[in-house]
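Counted from 1, the sequence shown has number 551 at position 52 by my numbering; the numbering is strictly sequential.
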Amino acid sequence: MNARVGFIGGGRMAEALIESIIASRKIKPCNINVSDVNEKRLCYLKQTFGINTFILNTEVVALSDIIVLAVKPQVMTAVLNEIKNAVIPQQLIVSIAAGYPIENIENILGKDKKIIRVMPNILVKVSEGTIAFSRNINVSDEEINLFKGLFSTAGEVIEVEEKLMDAVTGLSGSGPAFIFLMIEALADGGVRAGLPRDTALKLAAQTVKGSAEMVLKGEHPEVLKDNVISPAGTTAEGIAKLEEKGVRSAFIEAVFAAFKRSKEISELIKKW
């Protein structure tokens with residue numbers, strides 16, 4: 500790709516995306532620009548990846564074709580007001596600020612700007628992320644292909660209606676924490692049964708990874724589960740205990756609780 504990519508904000512999510520993009524060799528480090536208020540952070544990013552770093556956000560805007568807004572939602576309005584006179588209609592604006600709606604961005608940058616709102620999750624750090632996105636009417640399919648080509652280096656890219664972004668946050672945004680908790684619990688069960696802690700943790704993590712791969716290949720979880728369960732066998736006993744303890748409903752409620760909280764935050768942001 501010949502596109503120049505700019506990141507306003509050089510935090511952990513921006514770093515993970517930069518690392519994935521560079522590893523894919525789709526964008527050269529010399530075509531990646533980053534700005535941040537933390538000079539030590541900029542020094543680290545420059546030394547680690549060989550990219551261009553700036554203190555001023557407007558410099559990144561002036562030197563980039565794609566601008567990734569990688570700042571916290573509470574500072575987004577201030578950042579948008581700072582760069583609004585530097586952004587031109589030809590540039591693609593990609594926001595990863597959680598809960599910050601496209602309409603709010605349009606109200607500051609202008610209705611003629613090309614805007615994509617993205618909800619990535621922490622798994623982009625290992626290039627296995629889920630990257631859900633929505634776009635405004637100014638973004639063409641060709642530009643979406645450019646965006647996908649860039650962000651697919653960090654995981655699976657999925658387009659959703661913007662009104663579903665809070666549901667995405669509840670499932671794939673918060674979901675990794677739920678899975679980490681599950682892996683820890685599985686490992687604890689293994690330790691209780693006599694396995695060494697490190698062995699139990701590796702077995703638990705690999706079991707989750709392999710199970711996910713089977714689902715992603717197109718098999719329905721219910722079919723896969725039934726294939727493992729033998730009549731009156733060990734798995735049948737384990738499943739019965741999980742159902743007795745309400746594990747299924749607990750996961751459903753966890754996702755829905757995260758969704759509701761995300762919706763509450765989104766509503767607050769709309770009023771900023």
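By construction, the Cβ of each residue, glycine as well, lies at the ideal position given by its N, Cα and C atoms.
Would you check if the stretch 691 to 702 and the stretch 647 to 660 touch, i.e. whether three or more CB-CB distances between them fall below 8 Å? no
Taking the alpha carbon of residue 684 as the reference point, which residue from 707, 667, 644, 665 has its own alpha carbon closest? 707
Segments of 3+ residues assigned as beta strand (DSSP E) that fall wholly inside the stretch 514 to 538: For secondary structure counted as the beta strand (DSSP E) over 3 or more consecutive residues, the stretch 514 to 538 holds these complete runs in sequence order: 531 to 534.
Cutoff 7 Å; reference residue 572; Cβ partners in own chain excluding five residues on either side: 596, 597, 598, 599, 768
Who are the Cβ neighbours of residue 762 in its own chain at under 7 Å, not counting the five residues just before and after it? 665
In this structure, does DSSP put residue 575 in helix, strand or coil? helix
Please determine, among 524, 542, 635, the residue with the shortest C-alpha to C-alpha distance to residue 602. 635
Could you tell me whether the stretch 523 to 539 touches the stretch 577 to 593, where touching means 3 or more Cβ pairs closer than 8 Å? no
Reference residue 760, options 714, 535, 697, 670, closest by Cα: 670
What is the DSSP secondary structure of residue 694, reduced to helix, strand or coil? coil
Which residue spans inside the stretch 554 to 608 form an unbroken beta strand (DSSP E) run of at least 3? 565 to 568, 591 to 594
With 16 as the cutoff for other CB atoms within 10 Å, does residue 619 come out buried or exposed? buried
Give me the Cα-Cα distance between residue 651 and residue 721, rounded to the nearest whole angstrom. 29 Å
Keeping to the same chain, check which residues put their C-beta closer than 8 Å to that of residue 605; ignore five residues upstream and five downstream. 612, 614, 635
Any idea which residues DSSP pairs residue 644 with across the strands? Paired residues: none, contrary to the question.
Taking contact to mean at least 3 C-beta pairs separated by less than 8 Å, is the stretch 557 to 564 in contact with the stretch 743 to 758? In the pairwise beta carbon analysis, the stretch 557 to 564 is classified as not touching the stretch 743 to 758: fewer than three pairs are separated by under 8 Å.
Could you name each continuous alpha helix (DSSP H) segment of 4 residues or more that falls completely within the stretch 673 to 733, going from the start of the chain to the end? 674 to 691, 696 to 715, 720 to 727
Flag this pair as touching only if the stretch 506 to 523 and the stretch 535 to 543 have three or more C-beta atom pairs under 8 Å; answer yes or no. yes
Taking the C-alpha atoms as reference points, what is the distance between residue 742 and residue 703? Computed Cα separation, rounded: 20 Å.
N- and C-terminal bounds of the alpha helix (DSSP H) containing residue 503: Element bounds for residue 503: n/a, residue is neither H nor E.
Could you tell me how far apart the beta carbons of residue 534 and residue 548 are, in whole angstroms, since I believe they sit closer than 8 Å? Contact doesn't hold; Cβ gap of about 14 Å is too wide.
Inter-residue Cα distance where the pair is residue 745 and residue 770: 38 Å
What separation, rounded to the nearest whole angstrom, lies between the Cα atoms of residue 630 and residue 715? Residue 630 and residue 715 have their alpha carbons spaced roughly 15 Å apart.
Out of 610, 623, 627, 699, which has the shortest C-alpha to C-alpha gap to residue 638? Among 610, 623, 627, 699, the Cα nearest to that of residue 638 belongs to 610.
Residues near residue 835 by beta carbon distance below 8 Å, same chain, minus five either side: Residue 835 is absent from the model: the chain starts at 500 and stops at 771.
When DSSP labels each residue in this structure, what does residue 661 get in the three-state scheme? helix
Cβ-based neighbour list, residue 640, same chain, cut-off 7 Å, excluding 5 preceding and 5 following: none
Start and end of the alpha helix (DSSP H) containing residue 746? 746 to 769
Using 8 Å as the cut-off, classify the Cβ of residue 701 as near or not near the heavy atoms of the ligand ZN, replying yes or no. Here there are no bound small molecules, and the ligand ZN is not part of this structure.
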